[in-house]
Structures are given as C-alpha cells and as structure tokens.
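For reference, the structure is listed below as structure tokens.
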Amino acid sequence: MTEHSSWRIALARKIAPVYAAHPEVEAAFVLGSAARGFADQYSDIEIAFIWAQPPSAEALQSLAQKAGGKQYEPGPYEEARQAWAEQFYVEAIKIETAHWTHQTIDSIVADVVERYDVSQNWLIFEKQATASALQHAVVLYGEAIITHWQHRLTPYPEELALAMVQKHLRFNPFGGQEMLATRGEIPLLYENHCSIIRRLLSLLCGLNRIYHSGFKWTRYLVDSMTLKPQQLFGRLEHVFQADCVSGTQELRQLIEETFDLVEAHLPQIDLQPQREIFRRPYQQWDVP
139 MTEHSSWRIA LARKIAPVYA AHPEVEAAFV LGSAARGFAD QYSDIEIAFI
189 WAQPPSAEAL QSLAQKAGGK QYEPGPYEEA RQAWAEQFYV EAIKIETAHW
239 THQTIDSIVA DVVERYDVSQ NWLIFEKQAT ASALQHAVVL YGEAIITHWQ
289 HRLTPYPEEL ALAMVQKHLR FNPFGGQEML ATRGEIPLLY ENHCSIIRRL
339 LSLLCGLNRI YHSGFKWTRY LVDSMTLKPQ QLFGRLEHVF QADCVSGTQE
389 LRQLIEETFD LVEAHLPQID LQPQREIFRR PYQQWDVP
C-alpha cells in the first residue's frame with residue numbers, strides 16, 4: 139500500500155464516526171485508489187455510506203460540515219449509479235462521497251450475481267463498478283453488512299463471465315485500421331484504437347472473472363489479470379508509442395492472442411465467425 143493510500147485511509151477514519159453517529163447510517167467504507175492501495179499525489183479520498191433510508195439533502199450537508207468539510211458541493215442523485223454524490227474538502231484534500239441505501243446495494247448485488255447484468259452507462263459498468271468497490275472496500279463502519287455483500291459477490295458467476303465475453307466479442311474487420319495506419323490518419327486511427335482497447339480490456343475482465351471497475355488505473359487492472367496476452371500493458375503502450383503502422387499491427391496481434399485465450403478457456407463460444415469478420419481485408423481497387 140502506498141503512503142498516499144495509508145494517509146488517506148487514516149483521514150477517512152477520522153471522518154467516518156461523524157456519519158456513523160447518524161441513526162440511519164448503517165455502514166461506511168473507503169473505495170477507489172486509496173482502498174486498493176495505489177493512491178498517488180493526485181488522488182482524492184472516496185468514501186461510501188450505506189443508509190437505511192434515502193438521506194435528505196439537509197442531512198448530507200449537515201454531516202459534511204460536522205466532519206469539517208469546506209467548500210461543500212452537493213451533487214444530484216445519479217440515476218445510473220443509483221447513488222447520491224457530493225464533494226467537500228477536509229484538511230485541504232478533496233473528499234468525494236457516494237451514498238446508497240441498503241436496499242439499493244442489495245438490488246445491485248443481485249443484478250450482478252443473479253441476473254448477470256452487463257449494462258453500462260457510456261463507458262462505465264455502474265453495477266459492476268459498485269461490486270468491485272465492495273470487494274476492495276476498506277471498511278470504516280458496519281463490517282458485518284459489507285462482509286455479507288462481499289460473500290455474495292464471491293465467486294464471480296460463470297454466467298457473468300460468459301455474458302461479458304460475448305458482449306465484447308464484436309470486433310470489426312481490422313483492415314479498416316490498417317488502411318487508416320497506411321494513410322497516416324492519426325486522429326481517427328487512435329480514436330478507434332482506444333475504443334478497440336476498451337473492448338479488449340472489458341472482454342478480458344469477463345475472461346478473468348473480474349468485476350469491471352472502469353478504465354482508470356489500467357496498469358493495475360492488467361496486473362490483476364491472470365489470463366491475458368504476454369506483456370499486455372507494455373504492448374498496449376507500444377500501440378501508441380510506436381509508429382502508427384507498427385502499433386496497429388501490435389494491436390491486431392493482441393486481439394488474435396485474446397481470441398486464442400477465449401477459445402482455450404471458454405470453449406463453448408464459437409470463435410470462427412468473429413475471426414472471419416476480424417480478418418476480413420479492406421477492399422482495394424488498383425489502377426488497371
């Protein structure tokens with residue numbers, strides 16, 4: 139655990155008792171980079187609170203102020219996340235809070251482990267991100283409640299792994315990327331590369347039975363994977379740092395190796411149609 143993580147968790151432990159004293163607050167935990175142990179100098183502190191009933195705006199602001207919060211900024215209820223959010227500063231560091239009801243977390247966990255939910259809000263798999271946050275939580279209060287949800291999330295459902303892989307096994311013909319690389323169409327080429335890599339990482343989350351936490355801290359996400367192409371993170375860097383033709387060929391190879399991994403570890407998936415689509419060349423017309 140980094141020193142930045144330890145210091146942030148210690149400050150969260152000072153803040154939590156103010157909230158724990160409220161009769162409707164059932165649990166609290168640190169999430170994000172501090173909880174996972176790799177916070178750095180740019181990291182804020184993320185704290186989640188579990189409520190028996192939906193909190194009022196007045197209660198949230200009052201608790202933040204009692205905790206020493208300055209520059210309080212309430213946020214709207216986030217429909218996709220199913221949480222109330224706010225931010226404020228304590229000892230000059232930004233605190234971001236998320237507030238869920240107990241019933242909401244029960245429902246989110248059930249959606250993930252019983253209904254194998256792979257829905258996403260733009261780039262974020264909100265329910266899986268919440269599941270991941272619970273798995274890696276540093277509990278500040280209400281340990282029995284958090285532990286109960288952690289037990290429900292383990293093991294990662296095989297049906298969810300299959301759903302995640304199938305959702306992301308939809309790579310377009312790669313010949314289009316090779317055409318863009320040959321032409322030197324840098325903005326469009328790299329915009330597409332980013333989209334393809336996000337798809338690749340999402341697929342690998344499913345294959346590795348990892349709840350999708352999002353696309354921040356990619357190095358640590360890749361490090362947590364067992365099933366992946368060799369030297370994956372370094373090769374992803376090479377995709378963007380090499381000349382565009384070489385980087386594009388590296389990305390093609392990474393996808394082909396990922397197909398092989400899926401074939402080896404989820405043999406019930408028929409890869410042949412996807413391989414044929416992916417390998418389809420971009421049409422060319424030579425001068426007669």
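Under our numbering, the first residue of the sequence shown is numbered 139, with each subsequent residue one higher.
In this text, a Cβ means the ideal position worked out from N, Cα and C, and glycines have one as well.
These numbers come from a predicted model, not from an experiment.
Secondary structure of Ile283, DSSP reduced to three states: What you label residue 283 is simply residue 145 of the sequence shown in a count that begins at 1. If DSSP states are grouped into helix, strand and coil, Ile283 belongs with the helices.
Beta-carbon proximity check, Met302 vs Ser351, cutoff 8 Å: Along the sequence shown, read from residue 1 onward, the residue named residue 302 stands at position 164. Along the sequence shown, read from residue 1 onward, the residue named residue 351 stands at position 213. Not in contact: Met302 and Ser351 (Cβ atoms no closer than 8 Å).
Gly213 and Ala223 look like a contact to me (Cβ under 8 Å); what is the Cβ gap, rounded to whole Å? Translated into the one-based positions of the sequence shown, residue 213 becomes position 75. Translated into the one-based positions of the sequence shown, residue 223 becomes position 85. Right, their Cβ atoms sit about 4 Å apart.
Look up Asn346 in the DSSP assignment and give the residues it is bridged to. Working through the sequence shown from its first residue, we reach residue 346 at position 208. Answer by DSSP bridge pairing: none, since Asn346 is not bridged.
Determine the contact status of Arg334 and Cys382, defining contact as a CB-CB distance below 8 Å. Along the sequence shown, read from residue 1 onward, the residue named residue 334 stands at position 196. Along the sequence shown, read from residue 1 onward, the residue named residue 382 stands at position 244. Checking the displayed sequence, the identity of residue 334 turns out to be Ile instead of Arg. No, the Cβ-Cβ distance between Ile334 and Cys382 is not below 8 Å.
Can you tell which of Gln209, Ala190, Gln191 has its C-alpha closest to the C-alpha of Gln199? Against the sequence shown, residue 199 aligns to sequence position 61. For the residues Gln209, Ala190, Gln191, the minimum Cα distance to Gln199 belongs to Gln209.
May I ask you to verify whether the segment 175 to 195 touches the segment 230 to 240, counting CB pairs closer than 8 Å and requiring at least 3? A contact exists between the segment 175 to 195 and the segment 230 to 240.
Mind checking whether Glu234 and Asp182 have CB atoms under 8 Å apart? Mapped onto the sequence shown, residue 234 falls at position 96. Mapped onto the sequence shown, residue 182 falls at position 44. Yes, the pair counts as a contact, with Cβ atoms nearer than the cut-off.
Can you list, in chain order, the residues of its chain whose CB lies under 8 Å from that of Arg337, leaving out five sequence neighbours each side? Taking the first residue of the sequence shown as position 1, residue 337 is located at position 199. Excluding its 5 nearest sequence neighbours in each direction, Arg337 has C-beta neighbours in its own chain below 8 Å: His306, Arg308, Phe309, listed in chain order.
Within 8 Å, do at least three Cβ pairs link the segment 225 to 234 to the segment 311 to 327? When C-beta atoms of the segment 311 to 327 are compared with those of the segment 225 to 234, fewer than three pairs fall below 8 Å, so the two segments do not count as touching.
Considering only the beta carbon of each residue, do Ala248 and Tyr349 sit closer than 8 Å? Indexing the sequence shown from 1 puts residue 248 at position 110. Indexing the sequence shown from 1 puts residue 349 at position 211. Not a contact, by the Cβ cut-off of 8 Å.
Flag this pair as touching only if the segment 359 to 366 and the segment 280 to 287 have three or more C-beta atom pairs under 8 Å; answer yes or no. They do not touch, by the three-pair rule.
Best match in His142, Pro155, Arg151, Gln387 for proximity to Ala177 [C-alpha to C-alpha]: If you number the sequence shown from 1, residue 177 lands on position 39. The residue among His142, Pro155, Arg151, Gln387 with its C-alpha nearest the C-alpha of Ala177 is His142.
Check for me: the alpha helix (DSSP H) holding Ile246 runs from which residue to which? Here residue 246 refers to the residue found at position 108 when the sequence shown is read from its first residue. 240 to 251 is the span of the alpha helix (DSSP H), which, as asked, contains Ile246.
If the criterion is Cβ atoms closer than 8 Å, does the pair Phe371 and Arg390 meet it? Counting from 1 along the sequence shown, the entry for residue 371 is found at position 233. Counting from 1 along the sequence shown, the entry for residue 390 is found at position 252. No.
Can you tell me which of Ile153, Phe378, Gln368, Gln369 puts its alpha carbon nearest to the alpha carbon of Glu329? Sequence index remark: in the sequence shown, residue 329 carries index 191 (1-based). For Glu329, the nearest C-alpha among the options comes from Phe378.
Judging by CA-CA distance, which residue of Gln410, Val251, Gly170, Pro419 is the nearest neighbour of Phe312? Residue numbering aside, residue 312 sits at position 174 when the sequence shown is read from its first letter. The residue with the shortest Cα to Cα distance from Phe312 is Pro419.
Alpha-carbon to alpha-carbon, Lys354 and Glu216: The sequence position of residue 216 within the sequence shown is 78, counting from 1. The sequence position of residue 354 within the sequence shown is 216, counting from 1. Looking at the two C-alpha atoms, the distance is approximately 20 Å.
In terms of alpha-carbon separation, which member of Glu229, Glu296, Ala221, Glu394 lies closest to Gln410? As a position in the sequence shown, residue 410 is number 272, starting the count at 1. Measuring from the Cα of Gln410, the nearest candidate turns out to be Glu394.
Expected contact under 8 Å - CB spacing of Val156 and Ala230 to nearest Å: Residue mapping note: residue 156 aligns to position 18 of the sequence shown, counting from 1. Residue mapping note: residue 230 aligns to position 92 of the sequence shown, counting from 1. Beta-carbon to beta-carbon, Val156 and Ala230 are separated by about 18 Å, too far to satisfy the 8 Å threshold.
Proximity below 8 Å, CB of Leu345 to CB of His403: Mapped onto the sequence shown, residue 345 falls at position 207. Mapped onto the sequence shown, residue 403 falls at position 265. Closer than 8 Å, so yes.
Residue from Tyr279, Gln179, Thr242 whose Cα sits closest to the Cα of Glu164: Reading the sequence shown from its first residue, position 26 is the one you call residue 164. Nearest C-alpha to Glu164: Tyr279.
DSSP state of Gly206 mapped onto helix, strand, coil: Taking the first residue of the sequence shown as 1, we reach residue 206 at position 68. Reduced to three states, the DSSP call for Gly206 is coil.
Under a Cβ-count criterion, where at least 16 other Cβ atoms within 10 Å of its own Cβ denotes burial, should Pro161 be classed as buried or exposed? Counted from its first residue, the sequence shown places residue 161 at position 23. Under this definition Pro161 is an exposed residue.
Confirm the yes/no value for this check: CB of Glu164, any heavy atom of the ligand COA, distance under 7 Å. As far as ligands go, the structure on display features none, and thus does not contain the ligand COA.
When the Cα atoms are used, what is the spatial distance from Phe416 to Trp145? On the sequence shown, residue 416 is found 278 positions in, with the first residue counted as 1. On the sequence shown, residue 145 is found 7 positions in, with the first residue counted as 1. Rounded to the nearest angstrom, the two C-alpha atoms are 47 Å apart.
Taking the DSSP output, what are the residues bridged to Ser167? Translated into the one-based positions of the sequence shown, residue 167 becomes position 29. At residue 167 the sequence reads Phe, which differs from the Ser that was named. Under DSSP, the beta-bridge partners assigned to Phe167 are Ala186, Val277.
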